[in-house]
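Residue numbers for the sequence shown follow my numbering, so the first one is 1 and each next one is one higher.
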Amino acid sequence: MTTYLTISKNKFFIASMCLILISCKTVGPDYQRTQANLPANYSEDTSTNAANTTQKQWWLQYQDSTLNALVELSLKNNTNIALALARIEEADASMREVGASLYPQVDLGAGASRSKVTELGAFPAFGGAIRNSFNFGLSTAYEIDFWGKVKRNKESAAANALASRAGKDTVELSLIGLVASNYLQLRGLDAQIAVTKDNQVSRKEALSLNQRRLAGGVASSLEVSQAEVQVSNLEAQLTELTRTRALTLHQLAVLTGQLDLTIATGDLRSQPLPPTPPAGLPSALLENRPDIRQAEQNLIAQNAKIGVAKAAMYPSISLTGSLGAESVDLGDILKPGARIWSFGLGLDLPIFDFGRRKSRVEQADARQKQTLAQYQTAIQDAFREVNDALISRRLNAEREEAFKRSQTSAKQALSVAENRYKSGYSAYLEVLDAQRVHNDASLAVVQAKQATFLSTVELFKALGGDWRGDWRGDWKAGLANTTSTKDSAVKAQ
């Protein structure tokens, strides 16, 4: 009868444990992607003359070997990239740590001790005895993941690891954007310097002409002084442009990690403009942006944390065990009689905590709502940035064309004014005014072209790269054809 009861109790215990295991489930909400309330396409119309839009490395569309080399240097040497890589390593290690929690932990321990029993204790007969003790063994501990606490922790850690990778992509995209912007500004300054030097040559010729006319008694000293002022103003303008170019070069040196960087003079006016995105650009391309991917992974991680907090409200069962040997004589430690073992089952059942665990769930839920709001805000900001970049690109190009027409008219007006002055039909003041207008128009064309180029950089950044796919990839293949030319254009002596 006793045996029957024992067997029945064992069966009942096993059946109960099986029932508990079957009834257990992963608690907490599963992630559901939030649909952003955005138009299907961007409001700004774009043309369809998009050539070579299949390139994934958007900076290659500028067809500039020097820019390609600068991007390569920045991705290799910039300290922000090194920081992002270290964060990825940290997130990966954290994910591996959480994943290890799914398996039992086994430890090996060993010890030796020597002790003397007090002679004034409760058993004087044993007083003064010296006792040796030797032991070694394996111990294990394992918490059964009944409610998916470890699973949710692993989900969160995996999302954090992906977020760290997206964070690195964000840093890279921002870095390349800075390199491209500063480089195009440098080329714009080169063009402005070239225009200013051309104007300076013509103004010096005008000064020389007035000096000859003064010597011949045809011109006045006032006209010579006015010409000298024009030359001096252009010299001051040239000095300021040269200073700004040096500062821009210093910024590129920091971005590329080459503090002694030098870049040969170029000219933005001969730079090919990247193609315009095709019409009807879909807003779904925002998913290419690494900051959007990072925000979503942060949301996934925080969503999983709700399950971790909820799992803490349910009972937890842990298993412990040990196997080893213990003896008073080291020589007996391997004998069968020295073997020891233990097995334990622990139950942690929350009863009264005055709302602590519930408050933690509410905190996790509130943090998830905050992260969701940040994710939605990131999407809305990204949509606005793309629209801003599209319209800026179009209007800057239109402004450039308007300034070109103005430059043509100013050049014609200057030619007429100079001919009138040489023929004695007008004063030199009319020539000075025409020179000023032409100089301003020439610089305005270059500045407008620079603004157009910079708006293309902003568009690429706003889209997260090229509009035909992920901007990352084997970009080094695109740099292979620049190896022979980059050393002559970019030098770190």
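No residue lacks a Cβ here, since even glycine has one placed at the ideal position from N, Cα and C.
Quantities reported herein were computed from a predicted structural model and do not represent experimental measurements.
CB contact flag (residue i, residue j, <7 Å)
{"i": "Glu417", "j": "Glu430", "result": "According to the sequence provided, residue 417 is Ala. The question's Glu does not apply to it. Yes, these two residues count as a Cβ contact at 7 Å."}
{"i": "Pro274", "j": "Gln61", "result": "yes"}
{"i": "Thr371", "j": "Asn298", "result": "yes"}
{"i": "Ile176", "j": "Val71", "result": "yes"}
{"i": "Leu138", "j": "Thr256", "result": "no"}
{"i": "Ala309", "j": "Ala364", "result": "yes"}
{"i": "His438", "j": "Lys411", "result": "yes"}
{"i": "Leu234", "j": "Asn199", "result": "yes"}
{"i": "Gln450", "j": "Arg367", "result": "no"}
{"i": "Asn387", "j": "Thr452", "result": "no"}
{"i": "Ser94", "j": "Ala157", "result": "yes"}
{"i": "Asp332", "j": "Ala338", "result": "yes"}
Same chain only: Cβ atoms within 7 Å of residue i, ignoring 5 sequence neighbours per side
{"i": "Ile292", "result": "Leu286, Ala378, Ile379, Ala382"}
{"i": "Glu385", "result": "Ala462"}
{"i": "Ser221", "result": "Leu214"}
{"i": "Leu67", "result": "Trp59, Ala180, Tyr183"}
{"i": "Lys357", "result": "The displayed chain sequence assigns Arg, not Lys, to residue 357. Answer for Arg357: Ala312, Met313, Pro350, listed in chain order."}
{"i": "Arg399", "result": "Ala448"}
{"i": "Thr242", "result": "Ile193"}
Nearest-angstrom Cβ-Cβ length linking residue i and residue j, presumed shorter than 8 Å
{"i": "Ala227", "j": "Arg203", "result": "7 Å"}
{"i": "Arg96", "j": "Gly307", "result": "Not quite, the Cβ-Cβ distance comes to about 20 Å (not below 8 Å), so this is no contact."}
{"i": "Ile144", "j": "Ile300", "result": "About 25 Å separates the two Cβ atoms, so there is no contact after all."}
{"i": "Thr140", "j": "Gly344", "result": "So it is not a contact: roughly 10 Å between Cβ atoms."}
{"i": "Ser133", "j": "Glu326", "result": "7 Å"}
{"i": "Arg393", "j": "Ser455", "result": "4 Å"}
{"i": "Ala166", "j": "Pro290", "result": "5 Å"}
{"i": "Gly99", "j": "Ala304", "result": "Actually they are not in contact, since the Cβ atoms of Gly99 and Ala304 sit about 14 Å apart, beyond 8 Å."}
{"i": "Thr26", "j": "Gln376", "result": "Contact flag wrong, Cβ pair sits at about 26 Å."}
{"i": "Leu75", "j": "Glu172", "result": "6 Å"}
{"i": "Leu323", "j": "Trp341", "result": "5 Å"}
{"i": "Ser164", "j": "Ala91", "result": "4 Å"}
Residues of its chain near residue i, where Cβ-Cβ distance is below 8 Å and the 5 sequence neighbours each way are ignored
{"i": "Val446", "result": "Gly188, Ala191, Gln192, Val195, Leu268, Arg269"}
{"i": "Lys116", "result": "Gly128, Ala129, Ile130, Arg131"}
{"i": "Leu334", "result": "Ala325"}
{"i": "Val457", "result": "Gly177, Ala180, Ser181, Leu184"}
{"i": "Val224", "result": "Leu207, Asn210, Gln211, Leu214"}
{"i": "Ser232", "result": "none"}
{"i": "Gly478", "result": "Only weak support exists for where Gly478 lies, its pLDDT of 36 falling under 50; the value from the coordinates is given anyway. Hits under 8 Å: Gln55, Gln57, Leu60, Asn68."}
{"i": "Thr413", "result": "The residue you asked about is not Thr; residue 413 is Ala in the sequence shown. Only Ala434, Val437, His438 meet the Cβ criterion."}
{"i": "Glu89", "result": "none"}
{"i": "Asn77", "result": "Thr256, Gly257, Gln258"}
Residue i, DSSP secondary structure in three states
{"i": "Asp365", "result": "helix"}
{"i": "Val27", "result": "coil"}
{"i": "Arg33", "result": "coil"}
{"i": "Arg289", "result": "coil"}
{"i": "Ser101", "result": "coil"}
{"i": "Phe146", "result": "coil"}
{"i": "Val328", "result": "coil"}
{"i": "Phe383", "result": "helix"}
{"i": "Ser316", "result": "strand"}
{"i": "Asn52", "result": "For Asn52, the predicted model reports a pLDDT of 34, less than 50, meaning its position is unreliable and no value from the coordinates is stated."}
{"i": "Asn77", "result": "helix"}
{"i": "Val106", "result": "strand"}
{"i": "Lys197", "result": "helix"}
{"i": "Thr262", "result": "strand"}
{"i": "Ser133", "result": "strand"}
{"i": "Ile333", "result": "coil"}
{"i": "Ile567", "result": "Shown here, the chain extends from 1 to 493; a query on residue 567 therefore has no answer."}
{"i": "Leu454", "result": "helix"}
{"i": "Thr140", "result": "strand"}
{"i": "Asp388", "result": "helix"}
Own chain residues within Cβ distance below 6 Å of residue i, not counting five before or after
{"i": "Gln230", "result": "Arg203"}
{"i": "Leu162", "result": "Gln297"}
{"i": "Ser426", "result": "Arg420"}
{"i": "Leu259", "result": "Ala253"}
{"i": "Leu432", "result": "Gln226"}
{"i": "Gln251", "result": "Asn182"}
{"i": "Glu155", "result": "Ala304"}
{"i": "Ser484", "result": "Confidence in Ser484 is poor, its pLDDT being 39 and thus under 50, which makes the residue's placement unreliable; the coordinate value appears in the next sentence. Counting only Cβ-Cβ distances below 6 Å, and skipping sequence neighbours, we find nothing."}
{"i": "Tyr142", "result": "Pro104, Leu319"}
{"i": "Glu240", "result": "none"}
{"i": "Ile22", "result": "Any reading at Ile22 must be qualified, since the residue scores a pLDDT of 48, below 50, and its modelled position is unreliable; the value itself is stated next. Result list for Ile22: empty, nothing under 6 Å."}
Check whether the stretch 178-192 and the stretch 260-267 are in contact - that is, three or more C-beta pairs closer than 8 Å. yes
The stretch 141-160 touching the stretch 60-74, judged by at least three CB pairs closer than 8 Å: no
Can at least three beta-carbon pairs, one atom from the stretch 419-433 and one from the stretch 348-365, be found at a separation below 8 Å? no
If you pair each beta-carbon of the stretch 81-89 with each one of the stretch 104-111, do three or more pairs fall below 8 Å? no
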